[in-house]
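Novice: Read top to bottom, the protein sequences are chains A and B.
As numbered in the numbering used here, residues 75 to 187 make up the first sequence, in order.
As numbered in the numbering used here, residues 11 to 121 make up the second sequence, in order.
For glycine and all other residues, C-beta sits at the position ideal for the given N, C-alpha and C.
So that we are looking at the same thing, I have put the structure below in structure tokens.
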Amino acid sequence: NAGVTQTPKFQVLKTGQSMTLQCAQDMNHEYMSWYRQDPGMGLRLIHYSVGAGITDQGEVPNGYNVSRSTTEDFPLRLLSAAPSQTSVYFCASSPLGQSYEQYFGPGTRLTVT
Amino acid sequence: DAKTTQPTSMDCAEGRAANLPCNHSTISGNEYVYWYRQIHSQGPQYIIHGLKNNETNEMASLIITEDRKSSTLILPHATLRDTAVYYCIVRVNDYGQNFVFGPGTRLSVLP
Chain A
75 NAGVTQTPKF
85 QVLKTGQSMT
95 LQCAQDMNHE
105 YMSWYRQDPG
115 MGLRLIHYSV
125 GAGITDQGEV
135 PNGYNVSRST
145 TEDFPLRLLS
155 AAPSQTSVYF
165 CASSPLGQSY
175 EQYFGPGTRL
185 TVT
Chain B
11 DAKTTQPTSM
21 DCAEGRAANL
31 PCNHSTISGN
41 EYVYWYRQIH
51 SQGPQYIIHG
61 LKNNETNEMA
71 SLIITEDRKS
81 STLILPHATL
91 RDTAVYYCIV
101 RVNDYGQNFV
111 FGPGTRLSVL
121 P
């Protein structure tokens, strides 16, 4: 198993540009989520999904959209990038019955200029 | 979810036990204590979790006080590879609940 994969690893955007961060998992996990981590800070939840077709907002959802058309994929879309969205983004997944153990991807480092 | 309080940083000598404390005085009866760690800028890694009994696995031990208002994560023989930020999280063990990661404790294992 590849586990949780994220692409790209690094990305630089200009203010106002849009892009999609990709997240995929091959463990057939129902639960997937997106977090952001700002320098020296803990993680904050952006959006999450408990299965295909079901998504919900986390702590900091503004400026981001998600969709879950398959169990494997959970892309995060930045609609109009802002410098405040400069951060490291982590995707995570877990089985619904074992939500205590989240499997995290390697992260995407995003810089918005 | 209940809030947690952890020291900002700690040092530990290589080969010694690392004891990382966490206060969660407002924990509810159905909330679990979870520990994760983050090495460098990698994604967080699950360590252990528990409700009220002490727990042990291949990575660590978790000691929860009888009143459940605090807990301690113990790494029995710390190595340099255990240098990381350790997060104590309290939440209900429900798929609908999410993890709230605070600033954590930065553990430095010294040679």
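1. Leaving out five residues before and five after residue 44 (chain B) in sequence, what residues of the same chain have Cβ atoms less than 6 Å from its Cβ?
2. Cβ of residue 138 (chain A) less than 7 Å from any chain B Cβ?
3. Is the CB of residue 56 (chain B) under 7 Å away from at least one CB in chain A?
4. Of all the alpha helix (DSSP H) runs that stay within the bounds of the stretch 125-171 of chain A, which reach a length of 4 or more residues?
5. Alpha carbon to alpha carbon, what distance is there between residue 108 (chain B) and residue 23 (chain B)?
6. At a Cβ threshold of 7 Å, is residue 146 (chain A) touching chain B?
7. Using three-state DSSP, classify residue 21 (chain B) as helix, strand or coil.
8. Report back the beta-carbon spacing between residue 131 (chain B) and residue 82 (chain B) to the nearest angstrom; my notes put them in contact at under 8 Å.
9. Taking the beta strand (DSSP E) that residue 101 (chain A) falls in, what are its first and last residues?
10. Can you list, in chain order, the residues of its chain with a C-beta nearer than 6 Å to that of residue 30 (chain B)? Leave out the 5 residues immediately preceding and following it.
11. Use the C-beta contact count for residue 113 (chain A): other C-beta atoms within 10 angstroms, 16 or more gives buried, fewer gives exposed.
12. Can you pull out the residues from the stretch 151-168 of chain A whose beta carbon lies closer than 9 Å to at least one beta carbon of chain B?
13. Give every residue of the same chain whose Cβ lies closer than 6 Å to the Cβ of residue 17 (chain B), excluding the five residues on either side of it in the sequence, and list them in chain order.
Specialist: To lay it out plainly:
1. 59, 99
2. no
3. For residue 56 (chain B), the nearest CB of chain A lies under 7 Å from its own CB, placing it at the interface with that chain.
4. none
5. 34 Å
6. no
7. strand
8. An answer regarding residue 131 (chain B) cannot be provided, because it is not within the stretch 11 to 121 covered by chain B.
9. DSSP places residue 101 (chain A) in no beta strand (DSSP E); its state is neither H nor E.
10. 83, 96, 115
11. exposed
12. 162, 164, 165, 166, 168
13. 115
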